[in-house]
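A.B. asks:
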Amino acid sequence: MGLEKAKSLLPVREGLSFLDIIARQAQHVGVPLLLMNSFVTEADSLAHLQAYPELWGELPLSFVQHKVPKIRQDDLSPVSWSADPELEWCPPGHGDIYTALITSGTLPALLEAGYEYAFVSNADNLGAVVDVTILGYFADNQFPFMMEVADRTEMDKKGGHLAQRLDGQLVLRESAQCPAEDMAKFQDVTRHRYFNTNNLWLNLKALQAIMAANEHKLILPMIRNAKTVDPRDSSSTPVFQLETAMGSAIAVFKGAQAVRVPRTRFAPVKKTDDLLAVRSDVYVLTEDHRIVRREARAHKHRFLLELDARYYKFVSQLDERFPEGVPSLLDCTSFAVVGDFKFGQNVVARGDVRLVNQSGQQVEIPAGTELSGSYQY
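Numbered according to our numbering, the sequence shown spans residues 912 to 1288.
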């Protein structure tokens, strides 16, 4: 998305950022907030939370995960980038949370303060809030680890799914781990029905025990992400970023469980397409600081939004092309934009809308325009 600061500081709705909404959720529920920051996001995040003095207590508000070198794709050596040496490094994925909780001293501090359970979620998942019913189920059954999963749909079939080994242990399986001859079954959402929301519940005593038994590290599958050393410069040196994912730890905890939750608990913002949708009138910010689909859209699963990555990949590009706000999408079932467009105020999209600009120049959609059907320029 081309961000230069923490993604959690990105404005989402009503002038509030992800972090504002998370902070207000924590205040509403009355639980401590703890951020796992990277070396890039730590200072900005803590500065932003100065606006919430109620959150600053005996426990630290954050801990910092480790950093690892980016690896050149051509010879697998650590990359050098004199233009900005900071870009030579990257966080090792959110699977680092388990080791970072130990090395930062955070896990011992939590246990000493009497905390037994933790709810972990991605900052960009606006559907992830503390649910005391789920907490009660987790605590009553004394599970060591529990993953919230949701039903897979056709839109999710290329992503990973929950699976079970012959010994009964739950695991996550990604497409890269699937043999070509089994891919049809992998993508069968009636066979493999659930995907990981990355909302996790941890029994902190169980975590401490398993870490102590494994030299304070968990052996999780490696993820190799192909990038460029400068993410905003596609011509910069190709690199690999080596990461692990925190959800894959479900395979490590004996007795780990999964709980099926409604899809409302999974509303991630990974691309500008997602951001535009969340900023639209399809979603509302509730009094208890949750972002949910408006009632009129709550039971309508079909809503496809696709933006041309050439012109809308970065947040700065998105803001330039929607300077007056997002069109009304409340009565829209699909909204596809191919080419360079700039939208005026109070534009309304209804039904299936597809805009295609092949003119070579930016096309302006005037204020008050009602869109329905296909348009070609």
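Every residue, glycine too, gets a C-beta built ideally from N, C-alpha and C.
Rounded to a whole number of angstroms, what is the C-alpha to C-alpha distance between S1239 and V1082?
C.D. replies: Start at 1 with the first residue of the sequence shown, and residue 1239 comes out as number 328. Start at 1 with the first residue of the sequence shown, and residue 1082 comes out as number 171. So the alpha carbons of these two residues sit roughly 41 Å apart.
A.B. asks: Candidates L1216, A1011, L927 and L1046: which alpha carbon is nearest V942's?
C.D. replies: For this step, residue 942 is matched to residue 31 along the sequence shown. Out of L1216, A1011, L927 and L1046, L1046 has the C-alpha closest to the C-alpha of V942.
A.B. asks: Excluding sequence positions up to five away, which residues of its chain have a Cβ less than 7 Å from the Cβ of T1197?
C.D. replies: As a position in the sequence shown, residue 1197 is number 286, starting the count at 1. Residues of the same chain with a CB within less than 7 Å of the CB of T1197, apart from the 5 flanking positions on each side, are V1203 in chain order.
A.B. asks: According to DSSP, is R1076 helix, strand or coil?
C.D. replies: Within the sequence shown, the letter at position 165 stands for residue 1076. Residue state, collapsed to three classes: coil.
A.B. asks: Could you tell me whether the region 981-995 touches the region 1149-1163, using the rule of 3 or more Cβ pairs below 8 Å?
C.D. replies: yes
A.B. asks: Tell me where the alpha helix (DSSP H) around Y1223 begins and ends.
C.D. replies: Within the sequence shown, the letter at position 312 stands for residue 1223. Taken as a continuous stretch (DSSP letters only), the alpha helix (DSSP H) holding Y1223 covers A1220 to Y1223.
A.B. asks: Bridge partners for N1114 per DSSP, in chain order?
C.D. replies: Against the sequence shown, residue 1114 aligns to sequence position 203. N1114 pairs with Y1028.
A.B. asks: Considering only their Cβ atoms, is the gap separating W967 from M1057 smaller than 8 Å?
C.D. replies: Here the question's residue 1057 lines up with position 146 in the sequence shown. Here the question's residue 967 lines up with position 56 in the sequence shown. No, the Cβ-Cβ distance between M1057 and W967 is not below 8 Å.
A.B. asks: State yes or no: is the C-beta of T1175 within less than 8 Å of the C-beta of G1038?
C.D. replies: As a first step, residue 1175 is located in the sequence shown; it is residue number 264 there, counting from the start. As a first step, residue 1038 is located in the sequence shown; it is residue number 127 there, counting from the start. In contact: T1175 and G1038 (Cβ atoms closer than 8 Å).
A.B. asks: Within the same chain, show all residues whose beta-carbon is closer than 7 Å to that of D955, passing over the 5 residues directly before and after it, in chain order.
C.D. replies: Start at 1 with the first residue of the sequence shown, and residue 955 comes out as number 44. K916, A917 and L920, listed in sequence order.
A.B. asks: Specify the secondary structure class of I1276 as computed by DSSP and reduced to three states.
C.D. replies: One-based indexing of the sequence shown puts residue 1276 at position 365. DSSP places I1276 within a strand segment (E or B) once states are collapsed to three.
A.B. asks: Identify which residue in L1022, K1068 and L1187 has its Cα closest to the Cα of F1097.
C.D. replies: Your numbering for residue 1097 matches position 186 in the sequence shown. Looking at the Cα atoms, K1068 is the closest of the given residues.
A.B. asks: Can you tell me whether DSSP reads N948 as helix, strand or coil?
C.D. replies: Counting from one through the sequence shown, the residue named residue 948 turns up at place 37. Note: N948 maps to strand in three-state DSSP.
A.B. asks: Sorted by chain position, which residues of the same chain lie with C-beta nearer than 7 Å to D1184's C-beta, five sequence neighbours on each side aside?
C.D. replies: Position 273 of the sequence shown, counted from the first residue, corresponds to residue 1184. Within the same chain, D1184 has close Cβ partners L1216, E1217 and L1218.
A.B. asks: Applying the 10 Å Cβ sphere with the 16-neighbour rule, what's the burial state of M1157?
C.D. replies: By 1-based counting over the sequence shown, the position of residue 1157 is 246. It counts as buried.
A.B. asks: Enumerate, from N- to C-terminal direction, the unbroken beta strand (DSSP E) stretches of 3 or more residues contained entirely within the region 1145-1185.
C.D. replies: 1149-1154 and 1168-1171
A.B. asks: Could you tell me which uninterrupted alpha helix (DSSP H) segments, each at least 4 residues in length, are contained entirely in the region 915-996, listed from first to last along the chain?
C.D. replies: With a minimum length of 4 residues, the continuous alpha helix (DSSP H) runs that stay inside the region 915-996 are 929-940 and 953-959.
A.B. asks: Is the Cβ-Cβ distance between D1027 and N1114 less than 8 Å?
C.D. replies: Walking along the sequence shown from the start, residue 1027 turns up at place 116. Walking along the sequence shown from the start, residue 1114 turns up at place 203. With the sequence shown as reference, residue 1027 is identified as Glu, and Asp is not the correct amino acid for it. Yes; because the gap between Cβ atoms is below 8 Å, this pair is in contact.
A.B. asks: Between R1221, V1226, S1227 and V1259, which has its C-alpha nearest V1237's C-alpha?
C.D. replies: Locating residue 1237 in the sequence shown gives position 326, counting from the first residue. Residue V1259 is the option with its Cα nearest to V1237.
A.B. asks: I need the straight-line Cα distance from A1247 to A1220, nearest angstrom please.
C.D. replies: Here the question's residue 1247 lines up with position 336 in the sequence shown. Here the question's residue 1220 lines up with position 309 in the sequence shown. Near 11 Å, if we compare the C-alpha coordinates of A1220 and A1247.
A.B. asks: How many angstroms separate the CA atom of R1201 from the CA atom of L960?
C.D. replies: Taking the first residue of the sequence shown as 1, we reach residue 1201 at position 290. Taking the first residue of the sequence shown as 1, we reach residue 960 at position 49. So the two alpha carbons sit approximately 19 Å from each other.
A.B. asks: Quick one: what's got a C-beta closer than 7 Å to S1147's C-beta in the same chain, skipping five residues either side?
C.D. replies: To locate residue 1147, count along the sequence shown from 1; it is residue 236. Once the five neighbours on either side are set aside, the close Cβ partners of S1147 are T1139, V1140 and D1141.
A.B. asks: Three or more beta-carbon pairs under 8 Å between the region 1115-1124 and the region 962-977, yes or no?
C.D. replies: no
A.B. asks: Which residue from Q1272, Y1286 and G1255 puts its Cα closest to that of R1280?
C.D. replies: If you number the sequence shown from 1, residue 1280 lands on position 369. The question names Arg, but residue 1280 is Thr in the sequence shown. Closest option to T1280, Cα to Cα, is G1255.
A.B. asks: Taking the Cβ atom as the reference point for each residue, do L1012 and K1116 lie within a distance shorter than 8 Å?
C.D. replies: On the sequence shown, residue 1012 is found 101 positions in, with the first residue counted as 1. On the sequence shown, residue 1116 is found 205 positions in, with the first residue counted as 1. It is not a contact, given that the beta carbons lie outside the stated cut-off.
A.B. asks: Considering only the alpha carbon of each residue, which of R1205, N1107 and V1274 lies closest to N1033?
C.D. replies: Position 122 of the sequence shown, counting from 1, holds the residue named residue 1033. For the residues R1205, N1107 and V1274, the minimum Cα distance to N1033 belongs to N1107.
A.B. asks: May I have a chain-ordered list of the alpha helix (DSSP H) segments no shorter than 4 residues that lie completely inside the region 996-1067?
C.D. replies: 1008-1014, 1017-1023 and 1043-1052
A.B. asks: Quick one: grab the DSSP three-state call for D905.
C.D. replies: Only positions 912 to 1288 of the chain appear in the structure, and residue 905 is not among them; the question remains open.
A.B. asks: If we ignore side chains and look at the alpha-carbon of each, how far apart do Q1119 and Q1287 end up?
C.D. replies: Along the sequence shown, one-based indexing puts residue 1119 at 208. Along the sequence shown, one-based indexing puts residue 1287 at 376. Cα to Cα, the separation comes out at about 59 Å.
A.B. asks: Can you tell me which of the three DSSP states Q1119 falls into?
C.D. replies: Numbered from 1 along the sequence shown, position 208 holds the residue referred to as residue 1119. Q1119: helix per DSSP, three-state reduction.
A.B. asks: Select from G1004, G1271, V1180 and R1261 the residue whose C-alpha is nearest the C-alpha of P922.
C.D. replies: One-based indexing of the sequence shown puts residue 922 at position 11. Closest option to P922, Cα to Cα, is V1180.
A.B. asks: Cβ of H1103 within 8 Å of Cβ of A1074?
C.D. replies: Residue 1103 sits at position 192 when you count from the first residue of the sequence shown. Residue 1074 sits at position 163 when you count from the first residue of the sequence shown. Taking 8 Å as the Cβ cut-off, H1103 and A1074 qualify as a contacting pair.
A.B. asks: Assuming Y1105 contacts H1072 (C-beta within less than 8 Å), just tell me the rounded distance between them.
C.D. replies: Here residue 1105 refers to the residue found at position 194 of the sequence shown. Here residue 1072 refers to the residue found at position 161 of the sequence shown. The pair is a contact, with the Cβ atoms about 6 Å apart (cut-off 8 Å).
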